[in-house]
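A.B. asks:
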Amino acid sequence: MSAQTRDRRAVRCVTRRSGVGILGCGRFGAFLARHLAKDFSVVVYDVLDRRAAARSAGAGWGSLEDVARCRWIVTAVPIGRLPEALAALAPRLAPSSVVVEVSSVKALPVRWLREILPSGTATVPTHPLFGPDSAARSLHGLPLVVCPLPEHVAAARRVSSFARSRGLRVVTLDAESHDRLMAETQALTFFLSRALNRLTLPNPAHLISTPSYRRLRRALASVALDTDELYRDLVHFNPHAESFVGELTSAVLAERMALFDPASLAARSKLSQSLLIEEAVAIRSTSVGNPR
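Heads up: the sequence shown begins at 1383 in this note's numbering, then just goes up one per residue.
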């Protein structure tokens, strides 16, 4: 059987059950609802009253029980609130439920899924490496990381197949590898963005700003749209983030020392003096060789 045929069968298996529940209707939850409502009957619940956002996305607004009754459930809540959300879902889930988790770190959520949800509940840890801004035009080609659990491989395969059928590029990783890579990429980008925002930097639209500076500011501005809670969570709940931020800070200090420490300044001063002497000798030699 070809991969394309397997994908088509998996998509039919997912979509023939109409109900998808989304727990959480923040920016990302509403974004998911808007896209999933094209294929499913979607019901959304949030502890805050966000029914207007849900309905604007083409989804229904329901209770926690309504979401828990769905065959497929997506937990679109901040990482720090995930244990509480899973604990609320756990006693309400049907044996056939599949819970898809979408946070920006994976090792801790995997542990919570296993510890909090009923043992028979299939779970699929994922990380969409896109959001409402980066996917404003299209989902095509955007990466979705899937971290299949050995006990729920079939559910992960169905989610992956459905994602590919909608144009996403599926990347399979284990949770530890995912978190290590995210510390070196996503956490890095957030940290640099927040650090640079502490400075009073020139407007990138200034006439004398360089193209590379404008590209840097555009990249950092896209990160600034995300919430402080997301920034803190993806650093605090990633076991590799703190050490990498420490490495980054050390690298910045090392670069500063290389430029401005006394030994470096003395070496540059000595080099400058040598060059000046050589230039003076050359000028004098030229003058002697060409008397007026």
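All C-beta atoms in this analysis are idealised placements derived from N, C-alpha and C, irrespective of residue type, glycine included.
Taking a contact to mean a Cβ-Cβ separation below 9 Å, would you say F1410 touches A1458 in this structure?
C.D. replies: In this structure, A1458 lies closer than 9 Å to F1410 by Cβ.
A.B. asks: Please report the distance separating the alpha-carbon of A1439 from that of R1416.
C.D. replies: C-alpha separation (whole angstroms): 4 Å.
A.B. asks: Look at the alpha carbon of L1430 and the alpha carbon of R1580, and state the distance between them as a whole number of angstroms.
C.D. replies: Rounded to whole angstroms, L1430 to R1580 spans 32 Å at the Cα level.
A.B. asks: Can you list, in chain order, the residues of its chain with a C-beta nearer than 7 Å to that of V1393? Leave out the 5 residues immediately preceding and following it.
C.D. replies: Note that V1393 scores 40 on pLDDT, short of 50, meaning its location in the model is unreliable; the coordinates nonetheless yield the value given after this. Closer than 7 Å at Cβ, skipping near neighbours: S1543, F1544, S1547.
A.B. asks: Answer with buried or exposed for F1572, where buried requires no fewer than 16 other C-beta atoms within 10 angstroms of its C-beta.
C.D. replies: F1572 is buried by the Cβ-count criterion.
A.B. asks: At the level of alpha carbons, what is the spacing between R1391 and E1533?
C.D. replies: Unreliable placement is indicated for R1391, whose pLDDT of 46 sits below 50; no coordinate value is reported for it.
A.B. asks: Could you spell out where the alpha helix (DSSP H) holding I1498 opens and where it closes?
C.D. replies: Residues 1489-1498.
A.B. asks: In the structure shown, what three-state DSSP assignment does S1423 receive?
C.D. replies: Three-state DSSP puts S1423 in a strand.
A.B. asks: Give the C-beta separation of L1446 and R1474 to the nearest angstrom, bearing in mind that I take them to be a contact with Cβ-Cβ under 8 Å.
C.D. replies: The Cβ separation is near 7 Å, so the contact holds.
A.B. asks: Could you tell me which of F1422, F1626, L1612, C1452 sits nearest to E1566, measuring between CA atoms?
C.D. replies: Ranking the options by Cα distance to E1566, first place goes to F1626.
A.B. asks: In angstroms with no decimal places, state the Cα-to-Cα distance between T1505 and P1465.
C.D. replies: So the two alpha carbons sit approximately 14 Å from each other.
A.B. asks: Does the Cβ of A1640 have 16 or more other Cβ atoms within 10 Å, making it buried, or fewer, making it exposed?
C.D. replies: Under this definition A1640 is an exposed residue.
A.B. asks: Taking 6 Å as the limit between beta carbons, can you name the residues of its chain near L1471, skipping five residues before and five after?
C.D. replies: A1450.
A.B. asks: Take P1525 and list the residues in its own chain whose beta-carbon comes closer than 6 Å to its own, dropping the five residues that flank it on each side.
C.D. replies: Result list for P1525: L1511, R1551, V1553, in chain order.
A.B. asks: Can you round the beta-carbon distance between A1441 and V1456 to whole angstroms, since I take them to be within the 8 Å contact cut?
C.D. replies: Not confirmed; about 11 Å, so no contact.
A.B. asks: What does a CB cutoff of less than 7 Å around S1478 pick up in its chain, not counting 5 residues either side in sequence?
C.D. replies: Answer for S1478: R1453, listed in chain order.
A.B. asks: Taking a contact to mean a Cβ-Cβ separation below 9 Å, would you say R1599 touches L1583 in this structure?
C.D. replies: In this structure, L1583 lies closer than 9 Å to R1599 by Cβ.
A.B. asks: Under DSSP, the beta strand (DSSP E) around P1507 begins and ends at which residues?
C.D. replies: 1504-1510 is the extent of the beta strand (DSSP E) around P1507.
A.B. asks: Let me know the secondary structure DSSP gives I1590 once reduced to three states.
C.D. replies: DSSP places I1590 in coil when its eight states are reduced to three.
A.B. asks: Going straight from the alpha carbon of C1407 to that of A1587, what length do you get?
C.D. replies: Taking the straight line from one Cα to the other gives about 35 Å.
A.B. asks: Give the single residue among S1516, I1590, P1530, A1412 whose Cα lies nearest to the Cα of D1680.
C.D. replies: Outside the displayed range of the chain (1383 to 1674) lies residue 1680, so it cannot be described from this structure.
A.B. asks: Please state whether the Cβ-Cβ distance between D1515 and L1607 is less than 9 Å.
C.D. replies: Yes. Within cutoff.
A.B. asks: Return the residue from the list S1591, V1402, P1460, V1541 that minimises the CA-CA distance to L1490.
C.D. replies: Taking only the C-alpha atoms, the option nearest L1490 is P1460.
A.B. asks: What three-state label does DSSP hand V1402 in the structure shown?
C.D. replies: Here V1402 sits in strand by DSSP.
A.B. asks: Would you call N1585 buried or exposed, if buried means 16 or more other Cβ atoms sit within 10 Å of its Cβ?
C.D. replies: It counts as exposed.
A.B. asks: Helix, strand or coil: how does DSSP classify L1526 here?
C.D. replies: Strand.
A.B. asks: Near A1469, what residues of its chain come up, given a Cβ to Cβ distance below 7 Å and the 5 sequence neighbours on each side ignored?
C.D. replies: Contacts found: I1498.
A.B. asks: Give the range of the alpha helix (DSSP H) segment to which E1566 is assigned.
C.D. replies: Element bounds for E1566: 1557-1566.
A.B. asks: S1508: buried (16+ other C-beta within 10 angstroms of its C-beta) or exposed?
C.D. replies: With the sequence shown as reference, residue 1508 is identified as Thr, and Ser is not the correct amino acid for it. Buried, since its Cβ has 16 or more Cβ neighbours within 10 Å.
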